[in-house]
Each structure stands twice: as C-alpha cells, then as structure tokens.
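If you're matching them up, the sequences are chains A and B in order. Okay, so the first sequence: first residue is 0 according to numbering that gives the first Met the number 0, each after it adds one. Okay, so the second sequence: first residue is 0 according to numbering that gives the first Met the number 0, each after it adds one. Note that beta-carbon positions come from the ideal geometry of N, C-alpha and C, so glycine has one too. Following: one structure in structure tokens, then a few remarks.
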Amino acid sequence: MPGILVVVAGEGERLTRNALEVLGGAGRLHQKLGEGLAAVALGEKAEAAAPALIAHGAETVYTVSHTLLKDYQAEVYLAALEAACAKAEPRVILLAADSMGRDVAPRLAHRLRGSMVSECIELDGDAGAKSVRAIRQSYGGKALAALAPKAFPAVVTLKLRTMEPAAPTEGRTGRTEALSVTLDAGKARTRLVDRQAEGSTGVKLEDARVVISGGRGLKGAEGFKVLEELAQVLKGAVGASRAATDAGWVSASMQVGQTGKTVAPDLYVAVGISGATQHIAGMSGAKAIVAINTDPEAPIFKLAQLGVVGDYRQVLPRLLAKCKELTSG
Amino acid sequence: MALNIVVCVKQIIDPEIPASQFKLDKANKRQLREGHNLVISAYDQNALEVALQLKEKAGGKVTALCLGEAGATSALKSALGMGADEAALLSDPAFLACDQFGVAHALAAGIKKLGAVDLVLCGCVSGDWGDLMVGPLLAEELGIGCVTFASRIEATDGALLFRRVVETGVERIEAKPPVVATVISDETNTPRYPKLRDIMAAGKKPIPVWKAADVQVDAARVGAAARRVEVDDLYVPVRESTCELIDGETAEEKADRLALRLRELKLI
Numbered sequence: 000m001p002g003i004l005v006v007v008a009g010e011g012e013r014l015t016r017n018a019l020e021v022l023g024g025a026g027r028l029h030q031k032l033g034e035g036l037a038a039v040a041l042g043e044k045a046e047a048a049a050p051a052l053i054a055h056g057a058e059t060v061y062t063v064s065h066t067l068l069k070d071y072q073a074e075v076y077l078a079a080l081e082a083a084c085a086k087a088e089p090r091v092i093l094l095a096a097d098s099m100g101r102d103v104a105p106r107l108a109h110r111l112r113g114s115m116v117s118e119c120i121e122l123d124g125d126a127g128a129k130s131v132r133a134i135r136q137s138y139g140g141k142a143l144a145a146l147a148p149k150a151f152p153a154v155v156t157l158k159l160r161t162m163e164p165a166a167p168t169e170g171r172t173g174r175t176e177a178l179s180v181t182l183d184a185g186k187a188r189t190r191l192v193d194r195q196a197e198g199s200t201g202v203k204l205e206d207a208r209v210v211i212s213g214g215r216g217l218k219g220a221e222g223f224k225v226l227e228e229l230a231q232v233l234k235g236a237v238g239a240s241r242a243a244t245d246a247g248w249v250s251a252s253m254q255v256g257q258t259g260k261t262v263a264p265d266l267y268v269a270v271g272i273s274g275a276t277q278h279i280a281g282m283s284g285a286k287a288i289v290a291i292n293t294d295p296e297a298p299i300f301k302l303a304q305l306g307v308v309g310d311y312r313q314v315l316p317r318l319l320a321k322c323k324e325l326t327s328g
Numbered sequence: 000m001a002l003n004i005v006v007c008v009k010q011i012i013d014p015e016i017p018a019s020q021f022k023l024d025k026a027n028k029r030q031l032r033e034g035h036n037l038v039i040s041a042y043d044q045n046a047l048e049v050a051l052q053l054k055e056k057a058g059g060k061v062t063a064l065c066l067g068e069a070g071a072t073s074a075l076k077s078a079l080g081m082g083a084d085e086a087a088l089l090s091d092p093a094f095l096a097c098d099q100f101g102v103a104h105a106l107a108a109g110i111k112k113l114g115a116v117d118l119v120l121c122g123c124v125s126g127d128w129g130d131l132m133v134g135p136l137l138a139e140e141l142g143i144g145c146v147t148f149a150s151r152i153e154a155t156d157g158a159l160l161f162r163r164v165v166e167t168g169v170e171r172i173e174a175k176p177p178v179v180a181t182v183i184s185d186e187t188n189t190p191r192y193p194k195l196r197d198i199m200a201a202g203k204k205p206i207p208v209w210k211a212a213d214v215q216v217d218a219a220r221v222g223a224a225a226r227r228v229e230v231d232d233l234y235v236p237v238r239e240s241t242c243e244l245i246d247g248e249t250a251e252e253k254a255d256r257l258a259l260r261l262r263e264l265k266l267i
C-alpha cells in the first residue's frame, strides 16, 4: 500500500535522536495523509531496530541486513533502497538530513524518477488532494519556501534538530519483514579507506542544552579558553563558526552551521560571531540566543534576544565569574 | 597523473548583504537582484581552490562551467582570474527555468561536451537556495561515483583520495576517476585572490556560451514543464524578536547584568 517510508541505517535497539526526529515528522505526516507508515532499516543486523521502530510508529518494518551495509557506501545503499522501495512502493520517502541522507537522497530520487526536497523544516499533507507540502529555509534563512512535489515518490530530507522526535507507544504492534537483497561489492565506485573519530570530551555539541560558540572575533585559538570554562560552568558544550574552524583555531567537529552541526539548545551564546547566513542555519533553532560582539551592526543582533556590545576579552571573564557565583549556590 | 577537472560554479547575489536589503521577487519566486553584488557561491569557490591546488600538484587542466544568465560570464572571468584554464557558460531560458534535476541534466550535457573528464567538483551546498542536490545528481547523470563533503583531495597512483567530513569526524575515501566530489571548506582550501595579470589575461579568454541546442539535452528534462517540485510560496518570515541590549558603563558591568538577566530568565 503506497504510503510513507522512513529510511534509517545503522540503528540498534535504542534509536538515535536523528531517527526519532524522522519518525516524529513521519508520524505527523501520516496523520494528515492517512497513508501507511513503514520504515526500512539498513545495516549489518538491521532487525535489531525493528521493535523500536514499531514502538515509535512504523506499521511495517522492512529490514535489509548485510555485511556490506555496515558502513555507508552510496552504490550499495542505493541498491538496497531501490529493492526496499520496489517492495514498499512509497509515495513519500523520509530521511534525516545527516551526511548519509544528504548523500544518498538525491541519487535515490533520481533513480526512482521522483522528486526531492532537501532540508525540510516543516512537513504537511492533505489527504483529500493527496498532496504534500514541504517548507524549507532559503537564502540563509532570510526566506522560507513552501514546496509542492509534482513527481512521486517524493524524497524529503528532514533538517536535524527541527522535527519533534516521536514518542513510543506501549503495546503498539506492527509487521516486520526481512528483505533478501543481493548486494554486489563490485558496484561500489568509492571505497572507505578509514575513518578518524574527532573525539570530544564532555557534553556532545548536538545534544547540549547550552552552547557557547566562538567566531572570528576571538582572533585565535587562545580566545576559546574562556569559552571552554564558561561551557563547563553552565554544563554545556563549545561550538565555533566556520571562520574559526577554517582558520584552524579549533577542530572542525566544533563547527555550528549549515555544513557543520545543527544545534537547538536552550541557550546559545554567540561570542565574536557576526551571524553569517550559513552559521545561523545551524543555530536558529536555539530557544534563547545571546550575542556578544564589538560591532552593534552585526547581523547576529537581529536574531538574538539578548545582546552585549563589547569586547569579549573584558565581558567573558566577568560573565564567567558571575555565572560561577550564581550557579554555585 | 594529469587531471582533467571541471568545476561547476553558480553565480548568486551576495548572501552577506544586510537583512534589511533582502527583498523578494514574488512573481518569479526568488530574490530581487536590485543592483546587489554578484559572487560565486562560497563553497564553489572552495571547489575552485581545491581544483587549482590539485592541478599544481598533479598537472592537468581546470575548466570552470557555469549554468546561469548571460551576465554570468563575469563569474567565469573571476574563475579564470583565479587560475582556471578554460571556462564555459550554459545559458538558455530553458535552463533557467529548471529545478535541480534539470540543472544537473544540463550541466552534465555541458560536461560531456567538454570531453573526457577525471574529476567534477562543485560546492557542497549552494549559497542561495541552500540545496545539496546538484553534486549527487551529477553523479547519476554521468553514471559515475560521488564523494560529498570532501575538504581535501589527493591524486595518488591512478586513484583519487578524498578527505570527507562527517558528523563523527573524517573519513578517507578512495575512488578511481572519473568521479564527482562536492567540496566543503577547511583551513587548507581558502579560495585564493586572483592575481592582476591573471585577471587581465582572463579578460582576453573567449568564453563559449552554450544554449540548449548546443548541448545534448533531452528537451523533456529541462524547462519549466520538467520541474518535479513547484515553489508554491516564497516569503520572508515575520520575526517578532527585538534584541534586548544589556546596558552598562563598563564591559564588566554589562557582563554582571547579563548574568543576572540570564538567571532571571532561568536560562542558567
């Protein structure tokens, strides 16, 4: 029965936040469209994720388990997804807009002769008109575009940290079907040689409730020290703008932005960050934004709720001391 | 090994203009040009830089390819000024009405017209629409592999080695040419400024302009009718927020007041 198909990969018994966000978006679309909601899980032992996928809303779970699916490889994953789509015949295919989703989604849409919307922040549907509406940011978030797919299946990647995650329901039942797919390593046009995890200690940036971020205004790696201390006191994580990471001041894994991490903390403090469009794309979901910058005309002040025009070298040490005082009681 | 590299660049309105100057052309569902500066989309500039560095190390040729309006030759002159050897413009009303699928189809036709290619590069995300689709779609159109979010590329013995940036860190990916890669910035690929003599030489270089009839496109795959997604609406969201600027005689006073305000708002 043509409907909605959620694609997840490498998931286990406990679903990741990204998967829960896609399931959340899928569930709400399912309520509007009234079409079936299925999931396809890829991985070495994909069936491990089936119970959790069902508990979070999937009526049917297709699993494709294969050693070749252990690490993402485009041509191999595409073959597995094409097989799953031939079985599920979805009208809408949803993926998280993570590095895998961004890589595979356009190519899947192309092979299925469907359409695609990337980085969707809001998904809507009309059961009567059988239509889907996807809203996304454009022009660095200065404008919003409401898009209507005209070709199906419509492949939609969902912007991270935007969709309300799905909540599990006790006693929900569903059907699991293991798909037997012949995968050919010879079809792979790229090869993963190795990977290097950029280890970060402490709170993970994407999950932190407080993020203290530094940009060009810090003028060097040294400037990040006081941000680290403040993050520690507030039990948060340190982020950075593209300017700071491209300059090599801090690790690229700390970059917040359209091509870095997307964060949606309760509190985001932008220090020496002007507010370039691609940075805002990565943090506009923060509940409260504080900007500290010497330039009162910096675009970040248009986005922030609280602002201090001043030099971080004077402001931050005092802010750190005062926060220590206020939070130690 | 000498590499034949094609870099796809997009010319866009400078994205860093103040928000107050950002206006929409509601009828055509895009930003109003209004005399703002035009630039090459930022990550496409990084892609050009990566191509030029590869050429310097491995030898070969860099061609800049652009799909745009007639005036986009200025972007290509910029690319030539940076050091690209050749440039070509795909310009046709049918191309301008395309969605990303049509753009990729047209660019692929342009790439095929350029001859045998080893590496096709473009930015990992476009600076205006913020789409990440054209690179992977090019790979499908050309029937070759794709590496997204590549910050560095090395030419090794008969193969290319990519440094791919992912959430958890970096991956090293190997692929044999021909292959597509979308480029992300890092400290090694800051785009170079064109040298004066290169800009002047660029001014003399002919830039072919290709219409739909000049390349092998499937008419059913380009133009407005081929669009797979319609833009129902493009609008500027109303932003309620005004920034509360913390006042104070000194920076330290502002810092104290900020901390107290954060506590008041239960943010710390």
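| query | result |
| --- | --- |
| For chain A, find out if any of its Cβ atoms is closer than 9 Å to the Cβ of B/Gln44; answer yes or no. | no |
| Would A/Gly198 pass as an interface residue toward chain B - the criterion being a Cβ-Cβ separation below 9 Å? | yes |
| Could you pull the start and end residues of the alpha helix (DSSP H) that B/Met199 belongs to? | Leu195 to Lys203 |
| Under the assumption that B/Val133 contacts B/Ala96 (Cβ atoms under 8 Å), give the Cβ distance between them as a whole number of angstroms. | Actually they are not in contact, since the Cβ atoms of B/Val133 and B/Ala96 sit about 16 Å apart, beyond 8 Å. |
| By the criterion of Cβ-Cβ separation under 7 Å, what are the contact partners of A/Phe223 in chain B? | Here the premise fails: no neighbours, minimum Cβ distance about 15 Å. |
| Helix, strand or coil for A/Met0, going by three-state DSSP, please let me know. | In this predicted model, A/Met0 has a pLDDT of only 49, less than 50, meaning its place in the structure is not dependable; the value taken from the coordinates is given anyway. Here A/Met0 sits in coil by DSSP. |
| I want to see whether chain B comes within less than 9 Å of A/Val307, judged by CB atoms only; does it? | yes |
| At a CB-CB cut-off below 8 Å, which residues of chain B make contact with A/Val75? | The premise fails here: A/Val75 is roughly 12 Å from chain B at the closest Cβ pair, so nothing lies under 8 Å. |
| Let me know if A/Tyr71 comes out buried or exposed under the rule of 16 or more other beta-carbons within 10 Å of its beta-carbon. | buried |
| List, in chain order, every chain A residue whose beta-carbon is nearer than 8 Å to that of B/Asp156. | Under the 8 Å cutoff, chain A gives no residues; its nearest Cβ is about 14 Å from B/Asp156. |
| So A/Ala147 contacts chain B; which residues on that side make the cut at Cβ distance below 9 Å? | Val228, Glu229, Val230 and Asp231 |
| Going along the chain, which residues of its own chain have a beta-carbon closer than 6 Å to the beta-carbon of A/Lys158, five neighbours each way excluded? | Ala96, Glu118 and Ile120 |
| Got a sec: which bits of the segment 255-266 of chain B sit with their beta carbon under 8 Å from any beta carbon on chain A, in order along the chain? | Asp255, Leu257, Ala258, Leu259, Arg260, Leu261, Arg262, Leu264 and Leu266 |
| Judging by CA-CA distance, which residue of B/Ala71, B/Ile4 and B/Gly59 is the nearest neighbour of B/Leu37? | B/Ala71 |
| Which value, in whole angstroms, describes the spacing of the CA atoms of B/Ile172 and B/Asp156? | 14 Å |
| Going straight from the alpha carbon of B/Val5 to that of B/Gly114, what length do you get? | 10 Å |
| Between B/Val119 and chain A, is the shortest Cβ-Cβ distance under 9 Å, so that the two count as touching? | no |
| How would you list, in chain order, the residues of chain A whose beta-carbon sits under 8 Å from the beta-carbon of B/Glu85? | None at all; the shortest Cβ gap to chain A is about 26 Å. |
| Quick check on A/Pro105: does DSSP put it in helix, strand or coil? | helix |
| Going by DSSP, which residues form a beta bridge with B/Ala281? | This structure leaves residue 281 of chain B out entirely; chain B is present only between 0 and 267. |
| Please report the straight-line C-alpha distance between A/Leu226 and A/Gly100, rounded to a whole angstrom. | 32 Å |
| How would you write the range of the alpha helix (DSSP H) that B/Ile267 sits in, first residue to last? | Neither: B/Ile267 is in no alpha helix (DSSP H) and is coded neither H nor E. |
| Out of A/Ala303, A/Pro264 and A/Glu205, state which residue places its alpha-carbon closest to the alpha-carbon of A/Ser273. | A/Ala303 |
| Report the CB separation of A/Gly198 from A/Ala239 in whole angstroms; it is logged as a contact under 8 Å. | That pair is no contact at about 16 Å. |
| Pick out whichever of A/Glu176, A/Ala187, A/Ala165 and A/Pro167 has its Cα sitting closest to the Cα of B/Lys175. | A/Ala187 |
| Select from A/Val270, A/Pro264 and A/Ile279 the residue whose C-alpha is nearest the C-alpha of A/Glu142. | Glu is not the amino acid found at residue 142 of chain A; the sequence shown has Ala there. If we check each option's Cα against that of A/Ala142, A/Ile279 comes out closest. |
| A/Pro105: which of B/Glu251, B/Ala138, B/Leu89 and B/Ala93 sits nearest, CA to CA? | B/Ala138 |
| Note down, in chain order, every chain A residue with its Cβ under 7 Å from the Cβ of B/Thr189. | Asp245 |
| Using a Cβ-Cβ cutoff of less than 6 Å, which residues in the same chain neighbour A/Leu318 once the five nearest sequence positions on both sides are dropped? | none |
| Would you tell me roughly how many angstroms separate the C-alpha atoms of A/Met0 and A/Ala220, rounded to the nearest one? | Only weak support is given to the placement of A/Met0: the predicted model assigns it a pLDDT of 49, under 50, and the question is left unresolved by the model. |
| Under the rule that 16 or more other beta-carbon atoms within 10 Å means buried, what is A/Lys321, buried or exposed? | buried |
| Flag A/Gln231 as yes if its beta-carbon sits less than 9 Å from any beta-carbon of chain B, otherwise no. | no |
| Rounded to whole angstroms, what is the Cα-Cα separation between B/Ala78 and B/Gln10? | 11 Å |
| Going along chain A in order, which residues have a C-beta closer than 8 Å to the C-beta of B/Gly59? | Those within 8 Å of B/Gly59 in chain A number zero; the least Cβ separation is about 21 Å. |
| Apart from the five residues just before and just after A/Glu58, which ones in its own chain have a Cβ nearer than 8 Å to its Cβ? | Gly35, Leu36, Ala37, Gly173 and Arg174 |
| Just checking: is the beta-carbon of B/Tyr234 within a distance shorter than 9 Å of some beta-carbon in chain A? | yes |
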